[in-house]
Every structure is written in structure tokens, then in C-alpha cells.
Amino acid sequence: MGGYTMSDMTLYLNILAISIAGLAVLIILVNAAILLLRPIARRHASRTDLDQVGQKATVVKSIRPGRPGQIRYRTDEGYHQADAEADSLIRNGRPVLILSVVQDRFRVRPLTDEEQAASKRSEAAARDDAL
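Okay, here's the thing in C-alpha cells:
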């Protein structure tokens, strides 16, 4: 049988069995870790910056082309400030719309006069409904 003794073959089979058992334990541990960490990852993913796309914010530090500024936006947890960039100059206090997230910054554009008027009307209606 190719120069292998029975004890050599038994040793190889034992090594093979131990290796397979070790891989099975490793697979079980990885699956258990995935099951435990998946809910945590889902909770974190549900509160990402991407959730702010399409929301309104206010410029708190002027944004210039090529130089990021800062915006303030509201979430369920309160107000937050973040870096933002735009293609045009947007001064402090101006309302903006969050378009996307690029390299840990929000990409924004100024709200048009029509969008600002519609926003004020909907806020007034919401206040009236609350009374």
C-alpha cells in the first residue's frame, strides 16, 4: 500500500477527523456570531446619514464650492451638525435640501422660494393640527 503502515494511515485519518471537527466548530461559531451581530448592525444601519437624503437642513457655516461648510439637521434623537458641500455659495441661515452623502459629507442645494413657501405652509398646518 505505498509504504504506509496501518498506524500511519490511522494517524492520517485521526488528523483528518480532527481537522473536519475543527472546521465544523469554526463554522458554528461564525454563524453564531452572525446571528448575534446582525440585529446590532441593522439598528446601526437604520440610523445612517443616508436616512437624511431628501430632508431639509439649515446652513450654520457658509458653504462655498470646493470648501465644505456645515449644516444643522433634525432627527428623532435631536439636532445634529455635519459637514456639507455644494456647487454654489450658500450662506448661513439658508435652508437647504440634502441630496446625497459623499465622502462623509452631505451634498446639498438651496431650497427654492417655492419649496420654502410650501415648507412654511406645511409647518403652519402641522402647528394648527397640534392645537
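Start counting the sequence shown at 48; every next residue gets the next number (my numbering). Every residue, glycine too, gets a C-beta built ideally from N, C-alpha and C.
Query, Result
"With distances taken Cα to Cα, identify the nearest neighbour of G125 among Y51, Q99, P142, R114.", "Q99"
"Which word fits A104, buried or exposed, when buried means at least 16 other C-beta atoms lie within 10 angstroms of its C-beta?", "buried"
"Classify V106: buried if its beta carbon has 16 or more other beta carbons within 10 angstroms, exposed otherwise.", "buried"
"Return the CA-CA distance between I81 and G69, expressed in angstroms with no decimal places.", "18 Å"
"Answer yes or no: do G37 and I145 have a C-beta to C-beta separation smaller than 8 Å?", "Since the first and last residues shown for the chain are 48 and 178, residue 37 lies out of range."
"Is it buried or exposed for V77, if we count other Cβ within 10 angstroms and need 16 for buried?", "exposed"
"So, with DSSP's three-state summary, where would you put L113?", "At residue 113 the sequence reads Gly, which differs from the Leu that was named. Note: G113 maps to coil in three-state DSSP."
"Thinking C-alpha only, which one of A164, E170, A129 is nearest V148?", "A129"
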